[in-house]
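Take a look at the structure below.
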Amino acid sequence: MDRLYTQAMAEELGVLMRWMHIASVACLSGGMIYGWIVAGAAAALTPEARAELGERTAAAFRPLVLLSMVLLVISGIYNLLSNPGHSLKYHILLGVKLLLVAHIFAVAALVVQPGHPRRGRLMAGGAISSLIVIGIAAYLRRIF
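Here it is as structure tokens:
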């Protein structure tokens, strides 16, 4: 009975961690894509209005960025450690994915800083990297 309970708890924890990982990716990459689109549309605004829009959206996005980054690190480590036995190809692609994730984290940390002058350009790079990471993750899931 205790073994079944432990196994059920492990499965529930696995589902929770997977959900945290996917939800955090959706929030972070979705925010980057949205920010990229908004920055492009904001070009029609006056420089003062564009700056105010950038500051307000960055302030609103900041808590979500920080929470998403923390949850991604926690759930990513859990997912990696709870699924051993990967091939060399898997680890190579995971390394590429993690380098792109480091880029996304750096971009996310920069775009939410007050007064950043190149928010739109950084969001574009972060959005593109996010989409590449999602593609690599889908492939890694398939070869595991």
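Take 11 as the starting number for the sequence shown in my numbering and just add one per residue.
Beta carbons are placed, not taken as given, at the ideal position from N, Cα and C, and that holds for glycine.
As the structure is a computational prediction, the values presented were derived from the model and not from experiment.
Cα-Cα separation between residue i and residue j, rounded to whole angstroms
i    : j    : result
A8   : P124 : The shown model of the chain, from 11 to 154, leaves out residue 8, and the question about it has no answer.
L23  : W29  : 10 Å
S85  : L110 : 17 Å
R13  : G95  : 23 Å
E65  : M79  : 20 Å
L74  : G40  : 11 Å
V25  : A18  : 11 Å
A69  : S139 : 22 Å
R128 : L150 : 33 Å
A134 : N89  : 28 Å
R131 : V106 : 22 Å
A137 : A147 : 15 Å
H113 : H126 : 17 Å
A119 : I43  : 15 Å
Continuous alpha helix (DSSP H) stretch holding residue i: start and end
i    : result
G194 : Any answer about residue 194 is impossible in this case: the structure gives the chain only from 11 up to 154.
S78  : P57 to S92
Q17  : D12 to A51
A54  : Segment: none, A54 is in no alpha helix (DSSP H) and carries neither H nor E.
H113 : L98 to V121
For residue i, the nearest candidate out of the options (CA to CA)
i    : options                   : result
A61  : L150, S139, I153 and V121 : V121
R152 : A134, L103, G135 and F115 : L103
M27  : H113, H101, H126 and L82  : L82
T67  : T56, W46 and I87          : W46
F154 : T16, R72 and N93          : N93
Between the stretch 31–45 and the stretch 128–148, do at least 3 Cβ pairs fall closer than 8 Å? yes
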